[in-house]
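A.B. asks: Top to bottom, those sequences are chains A and B. Quick note, in the working numbering, the first sequence goes up one by one and the last residue is 316. Quick note, in the working numbering, the second sequence goes up one by one and the last residue is 632. Built from N, CA and C at the ideal position, the CB exists for glycine as well. Quick one: the structure is below, and I'll ask about it shortly.
2 protein chains.
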Amino acid sequence: MPLHVTPTQKETISPQAAEFLSAAESIPIEAINSVTLTRQVFQAAETAVEESLIERFRLEIRDITMGDVPVLVIRPSSSDLRHQARVVFDIHGGGFVMGTARERTALMMAGELGLTVYSVNYSLSPEVKYPIAIEQCLAVYREMVTKFGAKNIVGVSSSAGGQIMFSTIVRAQREGFQLPAALAFYTPNVDLSGAGDSNVFNNDRDTISNEVMVEAMNTLYAGGVDLKDELLSPIYVRLDGPLPPTIINTGTRDLLLSQCVRLYWKLRDAGGKTELLVSEGMWHGFNWELELPEAIRARKAVYTFIRNILDEIHVS
Amino acid sequence: MPLHVTPTQKETISPQAAEFLSAAESIPIEAINSVTLTRQVFQAAETAVEESLIERFRLEIRDITMGDVPVLVIRPSSSDLRHQARVVFDIHGGGFVMGTARERTALMMAGELGLTVYSVNYSLSPEVKYPIAIEQCLAVYREMVTKFGAKNIVGVSSSAGGQIMFSTIVRAQREGFQLPAALAFYTPNVDLSGAGDSNVFNNDRDTISNEVMVEAMNTLYAGGVDLKDELLSPIYVRLDGPLPPTIINTGTRDLLLSQCVRLYWKLRDAGGKTELLVSEGMWHGFNWELELPEAIRARKAVYTFIRNILDEIHVS
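Below, the structure is given as C-alpha cells:
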C-alpha cells in the first residue's frame, strides 16, 4: 500500500522527503513467509548503495572474528587525530531477519564521523532465535572492552539493532563490565509487543506496519518467549543504574516514535544524560538516506553529541 | 466527537491519562462563533481549579500594571533563597480568545518552582487583533528588564502564548534588548497556518482540531494578515542570532507536536541550547493536569532545566 502525504504535510518537509514518501510502500505481510526472497530483494538494492558509500568515503573493509563472532572492521581514510583511539561498536537493523554488518549506518559513521567501526555480523532469524544475537554481540563487546577500553567505545545501533544493543548493554552492566562512553540509537525497536501510541497512528504511514513488526517478532525471532520479556523488549527491563550518555533519533512518522519517547524517559529517569531528536515528517530509518536534508541534519546532531562526549572524556 | 484510545495505546500511558482521554471531546467548530459563551464555559471550569491551586500552594496574588498593561503578580509562600532575584514572565494560552493571567501554568510555576510569576493579562481576540497582544507583552517585558534585569527573567508560555512569547522575544532582540535567561514553551502554537505532519495525524486525536485552530486564527485573531506572516507564525521568522536556552514540552498526541519539533530545530540551528521533551500519548496542554503522572514528570523536567540554567548564571 503506498504511503500518503498531504499538501500541508509536504510544506514542512524537504522536497526530497516528499518524493521519497510518495514513492514508498509498506512492507507486505508476505515478506515474513518468504524470508529468503525478502533478504535477496533487500540485499540486491543495498549492495550498490554500500559500494558507492565505500568508494565515496574511501573506506577500508576487513573481516575479522571477535569472541568467535564475525565482525566487519570499517576504517576511514582519514581520522580525527584526537579520537584515533576511539571506535564504534555497531549493531545493524533489519528486523532481526535481514541486513549485514556492511550497512549504511556503519559505513556513514566511518565516513562522516571518521571513527573506525566494528560492525557485528550477528546470526539472523529465523535460523537462530532470541537471545542468540544478543549473546553474540555481548561476546564482541567483551572483547572490544579488553582491546580498546570501554571509555573508547561508542555504541551505535539501528532499529532491531537497538533491541540487541540495549539488551547487550544491560547484560554487560549486570555482569559488571564497564559501559561504553556513549550510545546512539537510530529509530530503535525496544518494544517488540506492538504497544504504544505511534504503533497505532503511524501504522499506515510508515514503511513498516505494526502488524508486520509484531508478526515477524512472534513468528521469526522470539522463539515462543513472551514479547514483553524484559530482555526481549528491553523497554520493560529493570535498570540497575544509569546508562551512558545516549542520543535517540526518530521522526514524527516513525512507527517506533513512541518507543523512542519511552526509551528517552526510561534512561533519563534512571539518571543518564539523554537527548531525543525528533525530525518532522520522518519515517523509520530515514537517517539511512545519504543526501536527504533531514537525515544529514539528524546525523550531524548525533555526531555532535558523540564528539562532545568524547571531548569531555579526553579533557578529564 | 469523543477521542479514541485503543487497548495497546492504554498500555503505555498512565491509567489517569487513559481516563482523561476516554472522557475528552474535541472543541466543536461552533465555539468560534460564540466566543463569549466559550469563555464563560471555560472560565466556569477553571475558576475552581485556580482557587484550589492558590490555596494548595498558599500563593499571594496581586494586580499591577506594567507598561500600561495589566499584570498579575503571583508570589509563592516560600522561595528558593538562591533564586529570590529571579522571576517568571508568563504568557498564558487559550487560542488568543480566552484564558486569563491567573492560569494553571502560572500558578503551578509559582507553587512548584518557587519563583514569583508575572503573568500578563493581554487583550483577547476578537476584540483586538494581531499584533496587539505581542505589543502588550513586549511593553511588559521592557519594564521587567528595567526592573529585574534580563538575566533574572525566565519566559514561560503555553499554546497561543507561545506565539506571543516567541514573537515578543524576536521583537525584543531586534530592538536590542537583552534576552531572558531561559525560555520554556508548553505545547506552543508557533505556526498558525495549519501546516505540518501532526496537524494531519493528530487532527482527530486531540482536544483541538486543525480545522478549529486554523479557522479561529483566520476569523478571530489574524485580522486579515497572511497566516504565514513571520511574526504571526514565528516558525517562519528570520532569527538574527541564538535565542536563550529553551525547553519545549509536547506529547505524541499533541496537534502541535510538529510545531514543537520544528521549533526545536529552528532554535538549535540558530545556535541556541535547546531541549525537546516529548511525552508518550500526551495531548495539547496535558501539562496543565496537576496530578497526572506524565504532567508531573514533564513539569519537573522543565523546572530542572530552568534551575540548571539559573545555577550556571549564578556561578559565573
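1. Name, please, each residue of chain A whose Cβ falls closer than 8 Å to the Cβ of R521 of chain B.
2. Between T590 of chain B and chain A, is the shortest Cβ-Cβ distance under 8 Å, so that the two count as touching?
3. Using a C-beta to C-beta distance shorter than 7 Å, which residues of chain A count as neighbours of L573 of chain B?
4. Report the three-state DSSP secondary structure of M282 of chain A (helix, strand or coil).
5. Are there 16 or more other CB atoms within 10 angstroms of the CB of I247 of chain A, so buried, or fewer, so exposed?
6. For D406 of chain B, name the three-state secondary structure that DSSP assigns.
7. Does the stretch 182–189 of chain A come into contact with the stretch 120–127 of chain A, if we say contact requires no fewer than three beta-carbon pairs (one atom in each stretch) closer than 8 Å?
8. DSSP three-state label for Y446 of chain B, please.
9. On the DSSP bridge list, what partners appear for L277 of chain A?
10. Determine which residues of the stretch 11–26 of chain A have a Cβ less than 8 Å from any Cβ of chain B, and write them out in chain order.
11. Would I27 of chain A and I208 of chain A qualify as a contact pair, given that the criterion is a beta-carbon distance under 8 Å?
12. Below 8 Å, can you find three or more Cβ-Cβ pairs linking the stretch 292–302 of chain A to the stretch 523–540 of chain B?
13. Does the beta carbon of S514 of chain B sit closer than 8 Å to a beta carbon anywhere in chain A?
14. Since R418 of chain B and E366 of chain B are thought to touch, with beta carbons under 8 Å apart, how far apart are those beta carbons, to the nearest angstrom?
15. Kindly indicate the opening and closing residues of the alpha helix (DSSP H) around S123 of chain A.
16. Between B:K445, B:S473, B:T568, B:I480, which lies nearest to A455 of chain B when the distance is taken from Cα to Cα?
17. Would G471 of chain B and F405 of chain B qualify as a contact pair, given that the criterion is a beta-carbon distance under 8 Å?
18. Quick one: is G427 of chain B near chain A, going by C-beta distance under 8 Å?
19. Would DSSP call P331 of chain B helix, strand or coil?
20. Rounded to a whole number of angstroms, what is the C-alpha to C-alpha distance between I29 of chain A and S158 of chain A?
21. Answer yes or no: do R253 of chain A and D197 of chain A have a C-beta to C-beta separation smaller than 8 Å?
22. Helix, strand or coil, according to DSSP, for P70 of chain A in the structure here?
23. Compare the C-alpha of S338 of chain B against each of B:L571, B:E546, B:W599, B:Y552 and name the closest.
24. Can you give the Cα-Cα distance for Y264 of chain A and G383 of chain B, rounded to whole angstroms?
25. Is S167 of chain A helix, strand or coil when you go by DSSP?
26. Which of the three DSSP states, helix, strand or coil, is assigned to S473 of chain B?
27. Counting only beta-carbon separations shorter than 8 Å, does E279 of chain A have a partner in chain B?
28. Taking the alpha helix (DSSP H) that A360 of chain B belongs to, which residues open and close that run?
29. So for V637 of chain B, helix, strand or coil by DSSP?
30. By DSSP, does E25 of chain A sit in helix, in strand, or in coil?
31. Measure the Cβ-Cβ separation of T432 of chain B and V387 of chain B and say whether it is below 8 Å.
32. Report buried or exposed for N287 of chain A, applying the criterion of at least 16 other Cβ atoms within 10 angstroms of its Cβ.
33. Going along the chain, which residues of its own chain have a beta-carbon closer than 7 Å to the beta-carbon of T484 of chain B, five neighbours each way excluded?
34. Who does P318 of chain B pair with in a DSSP beta bridge?
35. At a Cβ cut of 8 Å, what residues of the stretch 291–311 of chain A count as close to chain B, listed as they run along the chain?
C.D. replies: Quick look at the numbers:
1. F201
2. Among the residues facing chain A, T590 of chain B is not included, as its CB has no counterpart in that chain under 8 Å away.
3. Under the 7 Å cutoff, chain A gives T252.
4. coil
5. buried
6. strand
7. no
8. Reduced to three states, the DSSP call for Y446 of chain B is coil.
9. A:N249
10. E11, T12, I13
11. It is a contact, given that the beta carbons lie within the stated cut-off.
12. no
13. yes
14. That belief holds up - the Cβ atoms of R418 of chain B and E366 of chain B are roughly 5 Å apart, short of 8 Å.
15. Run containing S123 of chain A: none; DSSP gives neither H nor E here.
16. Ranked by Cα distance from A455 of chain B, the first of B:K445, B:S473, B:T568, B:I480 is B:I480.
17. yes
18. No Cβ of chain A is located within less than 8 Å of the beta carbon of G427 of chain B.
19. helix
20. 21 Å
21. no
22. strand
23. B:W599
24. For Y264 of chain A and G383 of chain B, the gap between their C-alpha atoms comes out near 42 Å.
25. helix
26. strand
27. The question names Glu, but residue 279 of chain A is Ser in the sequence shown. At least one chain B Cβ lies under 8 Å of S279 of chain A.
28. 351–372
29. The shown model of chain B, from 317 to 632, leaves out residue 637 of chain B, and the question about it has no answer.
30. strand
31. no
32. buried
33. Hits under 7 Å: I450, C453, L454, Y457.
34. Partner(s): B:E341.
35. R297, A301
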